[in-house]
Amino acid sequence: MTDTPTTREMVTLPSTTDKRPSATDFDSIIYVKVGKGGGEQTFDVYKGVLRFYSGYFRTAIENIESGRFAESQNGVIKLPDHEPGTFNLFRAWLHRRVLPIVGDPSSGDDWARLIKLWCFGGRHNIPLLQNETLSCIAYTMGKTSTIPTDQLRYVWKNTTKGAKLRTYFVKTIWTRFKGAESLIRHPERYSFEIVYDLLLYGLEKRPVHENYLLHPAFHHSHIFPAFFPSHRNLNINHANMTGREAMALPSTPAKKPSITDFDRIIRIKVGQTNPQIFDVHKGVLKFYSGYFRKVIENVENGRFAEAEENMITLPDEETEVFKLFQGWLYTRELPKESQNPLIKLWCFGDRRAVPLLQNEAIDAIREVNYNLKTQPDHMLRFVFDHTTSDAPLRSFLITSIAARCTGSAFVERTENWPVEALHHLIKHFFDERPKRTPRDEFNKRNMCEWHVHEEGVKCD
Numbered sequence: 001m002t003d004t005p006t007t008r009e010m011v012t013l014p015s016t017t018d019k020r021p022s023a024t025d026f027d028s029i030i031y032v033k034v035g036k037g038g039g040e041q042t043f044d045v046y047k048g049v050l051r052f053y054s055g056y057f058r059t060a061i062e063n064i065e066s067g068r069f070a071e072s073q074n075g076v077i078k079l080p081d082h083e084p085g086t087f088n089l090f091r092a093w094l095h096r097r098v099l100p101i102v103g104d105p106s107s108g109d110d111w112a113r114l115i116k117l118w119c120f121g122g123r124h125n126i127p128l129l130q131n132e133t134l135s136c137i138a139y140t141m142g143k144t145s146t147i148p149t150d151q152l153r154y155v156w157k158n159t160t161k162g163a164k165l166r167t168y169f170v171k172t173i174w175t176r177f178k179g180a181e182s183l184i185r186h187p188e189r190y191s192f193e194i195v196y197d198l199l200l201y202g203l204e205k206r207p208v209h210e211n212y213l214l215h216p217a218f219h220h221s222h223i224f225p226a227f228f229p230s231h232r233n234l235n236i237n238h239a240n241m242t243g244r245e246a247m248a249l250p251s252t253p254a255k256k257p258s259i260t261d262f263d264r265i266i267r268i269k270v271g272q273t274n275p276q277i278f279d280v281h282k283g284v285l286k287f288y289s290g291y292f293r294k295v296i297e298n299v300e301n302g303r304f305a306e307a308e309e310n311m312i313t314l315p316d317e318e319t320e321v322f323k324l325f326q327g328w329l330y331t332r333e334l335p336k337e338s339q340n341p342l343i344k345l346w347c348f349g350d351r352r353a354v355p356l357l358q359n360e361a362i363d364a365i366r367e368v369n370y371n372l373k374t375q376p377d378h379m380l381r382f383v384f385d386h387t388t389s390d391a392p393l394r395s396f397l398i399t400s401i402a403a404r405c406t407g408s409a410f411v412e413r414t415e416n417w418p419v420e421a422l423h424h425l426i427k428h429f430f431d432e433r434p435k436r437t438p439r440d441e442f443n444k445r446n447m448c449e450w451h452v453h454e455e456g457v458k459c460d
């Protein structure tokens, strides 16, 4: 039965503890069959009591008495999709207004009984059952200092958006969890929708930052160092490099190649379907890139098949991205019409160990986002598909979104978000509790926080 009660019926449903059925409500009996197959059980319940508490059962009983349902002949209500155990607890509550207790707060079964009762009340319009059950859940959670996170997926699966039980859990988690460690201890308990609701609540309820510091007071979490590094140190293996090749890769703008770096040409074949060949000075490539230093050495020593052609092949790179990289090598200029090519350039620099390109690209991404008044979220899926968990670009985008995004903007853009990005953002929120920061203030942030440097090096 899917009939819903009328407005009149809903208005008169009791929702406070002082309301109880009268003696006349304990009148005739109606039978309720619960469950399926061999697990089906039949319960006898007073019609008047059912009608007093439940809008759903008011309508169902009215339809049976009016002959609208096939069950009318034998006066039975069928609930095949419910558990007999839950209905038995509901029946006990109907007659005695008692609820099951949580004897062991670590027991999922004890919590499940209460939560299933609340959801049963939600599906059958029994507001007083929901209110008393939620009060019992809240009291027990407070008394035992526990949050039954193992029940969250059941709650979200069996309730609708805006359900009071969802809201209570979201608020309690935000209040009680002091850092992301509690949240991530059991990540399998948090579905996409749960993480989404937690983030939305955090975005909507946080205050605005009024006195933002030019030099960030932000400190990355020590709990998740792999996700939020303050600086990324290069791990280029210089063991087989000698002389000039073993020099530290430049990561600050003052470093430029010398005239001797504009020496011999090497050819770079980029792309797979319609590859293009680019001519680049070997010395310039070796000056900026740890990857190309090693590859050029291997080509010159005949270790690669391409050695005879003096060529390096990059079949998995985009020709347009390499063209921008080639232009940057000689002009140190980047396109600033959109963040898309800048993000692709940063990822290219990450794969090919070009720290200065990464640093200048991430600075340009911040500049473009500021000038175009955009949020850097539409490329999140690309970034998370093409970087590792410790990538500074991930950290910058998450921090920028956390500082500037509103709840409404988050709702509009969620389809662009990979699940991993949501997890990064929720960790950031629980660890840092960032306030919403005006666009102009965020633009003053010290970007060295997300730059890639050799150990001991930082921006001037």
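Using the UniProt record's numbering, the letters of the sequence shown correspond one by one to residues 1 to 460.
Ideal Cβ positions, reconstructed from N, Cα and C, are used throughout, including at glycine.
{"Item": "Whole-angstrom distance between N340 and K116, CA atom to CA atom", "Value": "47 Å"}
{"Item": "CB contact flag (D18, G48, <7 Å)", "Value": "no"}
{"Item": "Residue environment, A421, which counts as buried when at least 16 other CB atoms sit within 10 Å", "Value": "buried"}
{"Item": "Coarse secondary structure for F442, derived from DSSP in three states", "Value": "helix"}
{"Item": "Endpoints, the alpha helix (DSSP H) within which Q276 is located", "Value": "Premise fails: Q276 lies in the beta strand (DSSP E), Q276 to H281, not in any alpha helix (DSSP H)."}
{"Item": "Backbone secondary structure at F192 - three-state DSSP", "Value": "helix"}
{"Item": "Per-residue DSSP class, three states only, for L79", "Value": "strand"}
{"Item": "Presumed contact (8 Å Cβ cut-off) between T331 and K269, rounded CB distance", "Value": "T331 to K269, Cβ: 23 Å. No contact."}
{"Item": "Rounded separation between H82 and T172 - CA only", "Value": "28 Å"}
{"Item": "Cross-strand partners of K269 (DSSP beta bridge)", "Value": "I277 and T313"}
{"Item": "Residue from T146, K78 and T133 with nearest C-alpha to S106", "Value": "T146"}
{"Item": "Whole-angstrom distance between C448 and C459, CA atom to CA atom", "Value": "6 Å"}
{"Item": "C-beta atoms of N359 and S289 nearer than 7 Å", "Value": "no"}
{"Item": "Unbroken beta strand (DSSP E) run spanning D44, endpoints", "Value": "Q41 to Y46"}
{"Item": "Nearest-angstrom Cα separation, counted from L425 out to T16", "Value": "39 Å"}
{"Item": "Limits of the beta strand (DSSP E) - the one that K33 falls within", "Value": "I29 to V34"}
{"Item": "Entirely enclosed alpha helix (DSSP H) segments - the region 358-437, minimum 4 residues", "Value": "380-386, 392-404, 407-413 and 419-432"}
{"Item": "Start and end residues, alpha helix (DSSP H) containing L128", "Value": "P127 to T144"}
{"Item": "Y139, buried or exposed, once every other Cβ within 10 Å from all chains shown has been counted against 16", "Value": "exposed"}
{"Item": "First through last residue of the alpha helix (DSSP H) which encompasses I108", "Value": "The displayed chain sequence assigns Gly, not Ile, to residue 108. Note, G108: alpha helix (DSSP H), G108 to R123."}
{"Item": "Collapsed DSSP secondary structure at V457 in the structure displayed", "Value": "coil"}
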